[in-house]
Amino acid sequence: MTQPRSYSSASPRALNPVPADAGIGLKPQHYREIISTKPKLGWFEVHAENYMGAGGPPHRYLGAIRELYPLSLHGVGLSLGSAGPLDRAHVLRLKELIGRYEPGLVSEHLAWTRHGATHFNDLLPVPLTREALDVMAAHVSETQELLGRQILIENPSVYADIGGAEMSEPEFLVALARRTGCGLLIDVNNVHVSCSNLGKSAADWLDGIPAELVHEVHLAGHAVEELEGGRLLIDDHGSAVRDEVFALYRDFIERIGARPTLIERDKNVPELGELIAEAMRAQRCLDRARNFDLVLGARHG
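Residues 12 to 312 (this note's numbering) are what the sequence shown spells out, left to right.
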């Protein structure tokens, strides 16, 4: 079997690789407060497609914040799981943005959003089959080749069993990473949402992911819809991270070690201080995991 090409997770010119600390998603309503107060946060993440324009206020503010903090780019439009050819023009727009801001991490989704010329405003699930794995691996490899760097792939939220699976989602993600050399971005809220909706164990799902493949973690809130005969969890990024998700995250981080961790909020965005408080909750988990590693290392040193 051919070994995947090895790519760095960060640009050689990146001034500030993303640290294994807590960060938040950057929102326009917080631009000025962040620049003026310089809160104690590890990093910020932005959706790449929001900054693919040539200039204007978004770039002016993002440039100023990039001077103060490490940055991660999180894409939603590459449609790496689509059966058709990769949208190379979109990859090249992403490459231009990467060159402009030199992010420490770049990520996308295990999903498809395009069929032919039709684009969908959602992250649609990829069948967990060997054929789909071949398609996804080819697109990830082509993207990394065009960008000249590693990307991370995030697990999506799933709301129903689409059938025909030939492997579990963790097995699919691990095989993808092993084959292409990509890293994994594990969204713990998505794991909880998907496993709850499908009647599976979130803890077992997370146990199926090797520590060395995880480069970033996401945390977010979700909504609960009560239905006849049960309930459906919706990954809406519209509320605080729930205690059960933080519990899964704490156990996950204690197993794999500290990783860059993002608090996501895309709806009902609160004041900056509220997001920072959530990030500090994650930071305490990260610090505890680091302290545990130090103690364990001292005992075996």
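Cβ coordinates follow ideal geometry from the N, Cα and C atoms, glycine included.
Between E113 and L217, what straight-line distance do the alpha-carbon atoms span, to the nearest angstrom?
-> The straight-line gap from Cα to Cα measures roughly 30 Å.
Cα-Cα separation, E227 to E237 = Computed Cα separation, rounded: 32 Å.
Exposed or buried, A122, counting other C-beta atoms within 10 Å across all chains shown (16 or more means buried)?
-> In the assembly as shown, A122 is a buried residue. Its beta-carbon has 16 or more other beta-carbons within 10 Å.
Buried or exposed by the 16-neighbour rule on C-beta atoms within 10 Å, applied to I46 | Exposed is the label assigned to I46, since fewer than 16 other Cβ atoms lie within 10 Å of its Cβ.
Count the other CB atoms within 10 Å of the CB of T272; is the residue buried (16 or more) or exposed (fewer)?
-> Counting of Cβ neighbours within 10 angstroms places T272 among the buried residues, the total reaching 16 or more.
Whose C-beta lies closer than 6 Å to the C-beta of R189 among residues of the same chain, with five residues either side of it excluded?
-> Cβ contact annotation for R189 (same chain, cutoff 6 Å, sequence separation greater than five): none.
How should R71 be labelled, buried or exposed, when 16 other C-beta atoms within 10 angstroms of its C-beta is the threshold for buried?
-> Taking all protein chains shown into account, R71 has fewer than 16 neighbouring C-beta atoms within 10 Å of its C-beta and is therefore exposed.
In terms of residue numbering, what span does the alpha helix (DSSP H) encompassing H203 cover?
-> Here the alpha helix (DSSP H) through H203 covers 199-209.
Determine the contact status of S83 and L116, defining contact as a CB-CB distance below 7 Å.
-> Contact flag set, yes.
Check each candidate in G36, S93, T48, C206 and name the one with the smallest Cα separation from A59.
-> Nearest C-alpha to A59: G36.
Out of curiosity, what's the CA-to-CA distance linking L230 and P39?
-> C-alpha of L230 to C-alpha of P39: approximately 20 Å in a straight line.
Sort R141, S93, Y62, V137 by Cα distance to G110 and report the nearest one.
-> It is Y62.
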